[in-house]
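Participant:
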Amino acid sequence: MTTNRMWGGRFGRGPAAIMEEINASIAFDQRLYAQDIAASKAHARMLAARQIIAKADAEAITAGLDRIKAEIDQGTFTFSRSLEDIHMNVEARLKELIGEPAGRLHTARSRNDQVATDLRLWVRDEIDALDQALKGFQVALVNQARTHADTIMPGFTHLQTAQPITFGHHMLAYVEMAARDRARFAAARVRTNESPLGAAALAGTSFPIDRQQTAKELGFAGPMRNSLDAVSARDFALEFLGAAAICATHLSRLAEEIVLWCSPGFKFVRLSDAFTTGSSIMPQKRNPDAAELVRAKSARVTGALMTLLGVMKGLPLTYAKDMQEDKEAVFDAADNLALSLAAMTGMVEDLQPDEVAMRRAAGEGFSTATDLADWLVRALKKPFREAHHVTGRIVAMAEARGCRLEELSLKELQSVEPGITGDALSVLSLDASVASRSSFGGTAPQNVKAQVEYWQEQLK
Ligand code: ARG
């Protein structure tokens, strides 16, 4: 066994095979190669600007790094597990390419500030990509809301028919959630976008480095103020995972609704063949697998948050190898959230509400009972509690007769409350009910149309 060439100085022999296996991160942290190389180039240029290394060496280093980037881009780079991680794989290749100057790159830095820098850059890029994906998801929802601003469906509480609402209003509820998700990612981005580079192993460095310069070149807002914090902080990744877990949870709720809506018991929407699978044994089946998978994947994203919280809990400052476990959690959550968002956007674009079925369901379960109670309050000046009681008796009467509220005769209504007039019957229709809910934020089609306009403007 050969010793590791990066610290062979005091090591007589190399690691046990199992040590190498548990220690190596190259299998997953190779995803950081572009960030790692960008950070190394910035570092080399800064070292030259500060006359810590020769300008010619910095030029050889950056040219070599560009070549390595191209090799990895093209898939011709050979990653080696014995070199542990992306940082040492790149540096070893640099040595092969340019020789001695390669060894000067690691002046005034450590893998501890290096990996923290790389992961911050990676998370920052991912936040930007997810923001665009969330925006696309919002656009798809707003388009459905525009088409279905006055399409009636039942609104539920406890999954029991509550009051009629519009399908457009329901779509816009998810637009709001996605907006908050974007705001959470944006807030996480602010705290992610600070540079740990130059914190070195943990204590800073004796070389006259310029951390402002590297921070600026990498697009960071500035260098982190405390070197111990810089190498040991992973709360940026926790915030990212927190935002991701909440976002995935939102997607899982819509996914669950789509699963319910597609089932023959509801029949509220139809997904085209493009988003449906069949059964190998039951020819009649149309399964919403993508929605089911989005529902399930939210568990993975939440799991990633729990994993990293568990890794970080109780870790003494500063760096510990435990923190190498941050990456797979972050990558897996990001990948699965991106996939879920793409699938949900596709499904939202694809889904076709069944207006007849939704209207029929909206009329069941005495969904306009509240409208009658409100009428009693408005027209007869009854206290709401008494109006609620009267309406309850009327509902019981309709239930006993097996009819809808609007099918009761005026006489029947008056047998419960003599003050009721023909005017009350007009509030019992579904269209009158949703149109009346015009308070700010309510489901009335005119509100939905106004909100669609608001969001179209926001999403331009
Ligand atoms: N692969 C390591 C990680 O992901 C890089 C940092 C290693 N630092 C160290 N002191 N061993 O955390």
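This note's numbering puts the sequence shown at residues 687 to 1146. Just so you know, even glycine gets a beta-carbon here, dropped at the ideal spot from N, CA and C.
Provide the residue span of the alpha helix (DSSP H) that contains GLN1144, from first to last.
Facilitator: Looking at the DSSP string, the run of the alpha helix (DSSP H) that includes GLN1144 is 1131-1144.
Participant: Under 8 Å Cβ to Cβ from LEU994, same chain only, skipping five residues before and after it: list those, please.
Facilitator: Excluding positions up to five away in sequence, the list reads ARG920, ALA923, LEU924, LEU927, GLU1011, ASP1012, ALA1015, VAL1016.
Participant: What did DSSP end up calling ARG1046 once you bin it into helix, strand or coil?
Facilitator: ARG1046 falls in the helix class under three-state DSSP.
Participant: Nearest to ARG1045 by CA position, among THR852, SER766, GLN824, ARG699, is which residue?
Facilitator: Among THR852, SER766, GLN824, ARG699, the Cα nearest to that of ARG1045 belongs to THR852.
Participant: If you drop the 5 nearest sequence neighbours on each side, which residues of the same chain put their C-beta closer than 7 Å to that of LYS1146?
Facilitator: The answer is none, since no qualifying residue turns up.
Participant: Three-state secondary structure (DSSP) at VAL876?
Facilitator: In the structure shown, VAL876 sits in a helix (DSSP, three-state: H, G or I).
Participant: If you draw a straight line from the C-alpha of ALA826 to the C-alpha of ILE747, how long is it?
Facilitator: Going from the Cα of ALA826 to the Cα of ILE747 covers about 47 Å.
Participant: For ALA1020, tell me which candidate among ALA990, ASP759, ARG1064 has the shortest Cα-Cα distance.
Facilitator: Closest by alpha carbon: ALA990.
Participant: Using 8 Å as the threshold, is the C-beta distance between ASP752 and ARG790 below it?
Facilitator: No, they are not a contact pair.
Participant: Between THR1077, PHE871, ARG897, which has its C-alpha nearest LEU816's C-alpha?
Facilitator: The shortest C-alpha separation from LEU816 is found at PHE871.
Participant: In angstroms, rounded to a whole number, what distance separates the CA positions of GLY1105 and THR847?
Facilitator: Each residue's alpha carbon lies about 28 Å from the other.
Participant: With hydrogens ignored, establish whether the beta-carbon of HIS773 is closer than 7 Å to any heavy atom of the ligand COA.
Facilitator: For the structure depicted, the ligand COA is absent and the ligand set comprises only the ligand ARG.
Participant: So is the beta-carbon of GLN1010 under 7 Å away from any non-hydrogen atom of the ligand ARG?
Facilitator: Yes.
Participant: How about PHE823 and MET1033: are their beta carbons less than 8 Å apart?
Facilitator: Contact: no.
Participant: Which whole-angstrom value describes the C-beta separation of ALA934 and SER1026, a residue pair presumed to lie in contact below a C-beta threshold of 8 Å?
Facilitator: About 6 Å; that satisfies the 8 Å criterion.
Participant: What does a CB cutoff of less than 6 Å around MET998 pick up in its chain, not counting 5 residues either side in sequence?
Facilitator: Cβ within range, chain order: ARG920.
Participant: Applying the criterion that 16 or more other CB atoms from any shown protein chain within 10 Å of the CB defines a buried residue, is GLU1143 buried or exposed?
Facilitator: Exposed, because fewer than 16 other Cβ atoms sit within 10 Å of the Cβ of GLU1143.
Participant: Just how far apart, CA to CA, sit PRO969 and ASP975?
Facilitator: Cα to Cα, PRO969 sits roughly 16 Å from ASP975.
Participant: Once you ignore the five residues that flank GLN1137 on each side, which residues in its own chain have a CB closer than 7 Å to its CB?
Facilitator: Cβ neighbours of GLN1137 beyond the five flanking positions: LEU858.
Participant: As a quick exercise: from ARG1123, GLU786, LEU807, ARG986, pick the residue whose alpha carbon is nearest that of ILE739.
Facilitator: For the residues ARG1123, GLU786, LEU807, ARG986, the minimum Cα distance to ILE739 belongs to GLU786.
Participant: Please report how far the alpha carbon of GLU1093 lies from the alpha carbon of ILE813, in whole angstroms.
Facilitator: Those two C-alpha atoms are separated by around 54 Å.
Participant: Cβ atoms of ASN1133 and SER1122: under 8 Å apart, would you say?
Facilitator: No, Cβ-Cβ distance for SER1122 and ASN1133 is not below 8 Å.
Participant: Classify SER768 as helix, strand or coil using the three-state DSSP reduction.
Facilitator: In this structure, SER768 counts as helix in the three-state DSSP scheme.
Participant: Starting from THR1004, follow the alpha helix (DSSP H) in both directions and report where the run begins and ends.
Facilitator: Taken as a continuous stretch (DSSP letters only), THR1004 belongs to no alpha helix (DSSP H), as it is neither H nor E.
Participant: Give the straight-line distance between the Cα atoms of THR718 and GLU770, rounded to the nearest whole angstrom.
Facilitator: Per the sequence shown, residue 718 should be read as Leu rather than Thr. Cα-Cα distance, rounded: 14 Å.
Participant: Per DSSP, which residues does PHE842 bridge with? Please list them.
Facilitator: In the DSSP output, where bridge partners are listed per residue, PHE842 has THR847.
Participant: According to DSSP, is THR803 part of a helix, a strand, or is it coil?
Facilitator: In the structure shown, THR803 sits in a helix (DSSP, three-state: H, G or I).
Participant: In chain order, what residues of the same chain lie with their CB nearer than 7 Å to the CB of LEU888, ignoring the 5 residues before and after it?
Facilitator: Cβ within range, chain order: ASN798, SER913, LEU914, VAL917, THR1004, TYR1005.
Participant: Is it right to say ILE895 is buried, meaning 16 or more other beta carbons lie within 10 angstroms of its own, or is it exposed?
Facilitator: It is buried - the Cβ of ILE895 has at least 16 other Cβ atoms within 10 Å.
Participant: Mind checking which residues open and close the alpha helix (DSSP H) that includes HIS792?
Facilitator: Careful: HIS792 lies outside any alpha helix (DSSP H) and carries neither H nor E.
Participant: Rounded to a whole number of angstroms, what is the C-alpha to C-alpha distance between ALA835 and ALA1130?
Facilitator: Taking the straight line from one Cα to the other gives about 8 Å.
Participant: Which of the three DSSP states, helix, strand or coil, is assigned to MET732?
Facilitator: Helix, per DSSP.
Participant: Thinking PHE763 and ILE712 are a contact (beta carbons under 8 Å), I'd like their distance in whole angstroms, please.
Facilitator: With a Cβ gap of about 11 Å, PHE763 and ILE712 do not count as contacting.
Participant: Output the distance between the C-alpha atoms of GLU1050 and ASP1109, rounded to the nearest integer angstrom.
Facilitator: Distance between the alpha carbons of GLU1050 and ASP1109 is about 22 Å.
Participant: Can you name the residues that DSSP bridges to ARG956?
Facilitator: The partner list for ARG956 (beta bridge, DSSP) reads GLN1038.
Participant: Under 8 Å: do the region 901-913 and the region 875-883 share three or more Cβ pairs, one atom per stretch?
Facilitator: Yes: the two stretches touch, three or more of their Cβ pairs being nearer than 8 Å.
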